[in-house]
Each structure stands twice: as C-alpha cells, then as structure tokens.
Amino acid sequence: MLEDKRSGEQPVPENSRDLLTDGQLQSLKRMENFGWSLKFIRQPRCQPPIVVIENPVGTSIAVLAEDGRLDIRPQIAMRDAS
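Residues 15 to 96 (this note's numbering) make up the sequence shown, in order.
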C-alpha cells in the first residue's frame, strides 16, 4: 500500500496561482475557457510543482509544463480515488 504523503494538504492549495509560472497561468486560463479545471498541484521537494488539470467531465488529465506547454499524455502516477 502506498503511503499518503499529503499530510492533510489540499489538492489545490489556497495560494495555487502563486505557485504557477506565467506560462502555466496563461495556459490554465486558456484551458478554463474550454471547461478544464485545476485538479491538483504536486509539490515534490527540491523540484518545481507539477500542475495537473482535468477536462470538464473528469475523464482526462493533462500536465502544464513550466513554460505553459500542455502535456496531454503525462507519465504521472495517480492515486486511486476510492
């Protein structure tokens, strides 16, 4: 069983916009126009945050790279929601 490392942190921190680069903010705003939303931000130690967005129906995710590029086939491990 995987240990939950979140230690009570919210998937989307209150200061989420402060954690994003200008490129990520621009891309997020553009994707929000199509119904996508910020799903979570992973904050690994000594690494830049990993910004994950989700499509309107919750069936697809994408990662916003530091420069704002959209990775629609991210190699990211997801926890089981149950």
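Ideal Cβ placement from N, Cα and C applies to all residues, glycine included.
Item to complete: Within its chain, find whatever has a CB closer than 7 Å to the CB of Ile86; leave out the 5 residues flanking it on each side and keep chain order.
Response: Within its own chain, the residues whose Cβ lies closer than 7 Å to the Cβ of Ile86, once the five positions on either side in sequence are excluded, are Ala76, listed in chain order.
Fill in: Start-to-end residues for the beta strand (DSSP E) that takes in Glu117
Past the edges of the chain, shown from 15 to 96, lies residue 117, and the structure says nothing about it.
Practice prompt. Please classify Ser74: does DSSP put it in a helix, a strand, or coil?
Written response: Here Ser74 sits in coil by DSSP.
Discussion item. Please classify Gln97 as buried or exposed, where buried requires at least 16 other C-beta atoms within 10 Å of its C-beta.
Written reply: Outside the displayed span of the chain (15 to 96) sits residue 97, for which this structure offers no information.
Worksheet item: Would a C-beta distance cut-off of 8 Å place Pro88 and Phe54 closer than the cut-off?
Response: With respect to the 8 Å criterion, Pro88 and Phe54 are not classified as neighbours on the basis of their beta carbons.
Fill in: Ile67, buried or exposed, once every other Cβ within 10 Å from all chains shown has been counted against 16
Ile67 is buried by the Cβ-count criterion.
Practice prompt. Check Glu17 in the structure and name its three-state DSSP category.
Written response: Low local confidence applies: a pLDDT of 47 at Glu17 is under 50, so the model's placement there is unreliable, with the coordinate-based value given in what follows. Note: Glu17 maps to coil in three-state DSSP.
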